[in-house]
Amino acid sequence: MLHVTPPMGPNLVVKASPLADEVGWLDVNKDTLQHNKYPNVFGIGDCTNLPTAKTAAAVAAQSAVLNRTISKILKNEKPDKKYDGYTSCPLVTSYNTVILAEFDYNGQPLETFPINQAKERRLMYHMKADVMPHLYWHGLLRGLWGGPGPYRKIFHLGMK
Numbered sequence: 072m073l074h075v076t077p078p079m080g081p082n083l084v085v086k087a088s089p090l091a092d093e094v095g096w097l098d099v100n101k102d103t104l105q106h107n108k109y110p111n112v113f114g115i116g117d118c119t120n121l122p123t124a125k126t127a128a129a130v131a132a133q134s135a136v137l138n139r140t141i142s143k144i145l146k147n148e149k150p151d152k153k154y155d156g157y158t159s160c161p162l163v164t165s166y167n168t169v170i171l172a173e174f175d176y177n178g179q180p181l182e183t184f185p186i187n188q189a190k191e192r193r194l195m196y197h198m199k200a201d202v203m204p205h206l207y208w209h210g211l212l213r214g215l216w217g218g219p220g221p222y223r224k225i226f227h228l229g230m231k
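Per our numbering, the very first residue in the sequence shown carries number 72; after that it's consecutive.
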């Protein structure tokens with residue numbers, strides 16, 4: 072299977088600033104999403120140097136960690152939630168099937184559902200086509216969706 076991704080690069084505004092790492096990405100701690108040099112700067116998404124895929128799913132998981140981290144820091148408390156690198160890539164394999172690839176920083180599967188997600192499934196096609204757009208537009212963009220982490224714990228009975 073061929074999965075093509077367009078070339079990506081750092082945002083020129085960040086790249087030309089002291090916030091950037093040596094390559095031009097926003098230089099953040101991969102666990103807390105806090106800038107490595109400027110403690111009042113945080114980042115999520117495509118502008119960061121996080122060693123994970125730059126997807127909406129990753130941003131959703133990052134937003135949950137960032138929300139908790141900033142809340143703790145504003146209370147002069149130590150951040151207690153870490154971003155594990157979660158990202159998801161729905162790979163369309165036919166007109167009505169998808170492989171829902173979910174993984175962590177180490178490329179290890181971090182599957183939400185208690186089924187073999189490496190298998191093509193019509194259910195995952197409906198997740199991509201029908202559920203994920205609603206999660207994005209009505210959940211993530213409104214700050215109501217922080218990724219599937221809590222659901223993963225429920226579906227796997229707290230074992231993952």
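Cβ atoms here follow ideal geometry from the backbone N, Cα and C, with glycine treated the same way.
*Go ahead and pull the three-state DSSP assignment for V85.*
Residue state, collapsed to three classes: helix.
_Exposure label - I316; buried when at least 16 CB within 10 Å_ = Absent from the model: residue 316. The displayed extent of the chain is 72 to 231, so no value can be given.
*What is the DSSP secondary structure of P180, counted as helix, strand or coil?*
Judged by DSSP in its simplified three-state form, P180 adopts strand.
*asked:* How far does the beta strand (DSSP E) with S165 in it extend, from its first residue to its last?
replied: Careful: S165 lies outside any beta strand (DSSP E) and carries neither H nor E.
*Under a three-way DSSP split, which group does H106 fall into?*
Note: H106 maps to strand in three-state DSSP.
*Touch test, the segment 188-197 against the segment 208-222, Cβ-Cβ under 8 Å, three pairs minimum*: No, because fewer than three Cβ pairs between the segment 188-197 and the segment 208-222 fall closer than 8 Å, the two stretches do not touch.
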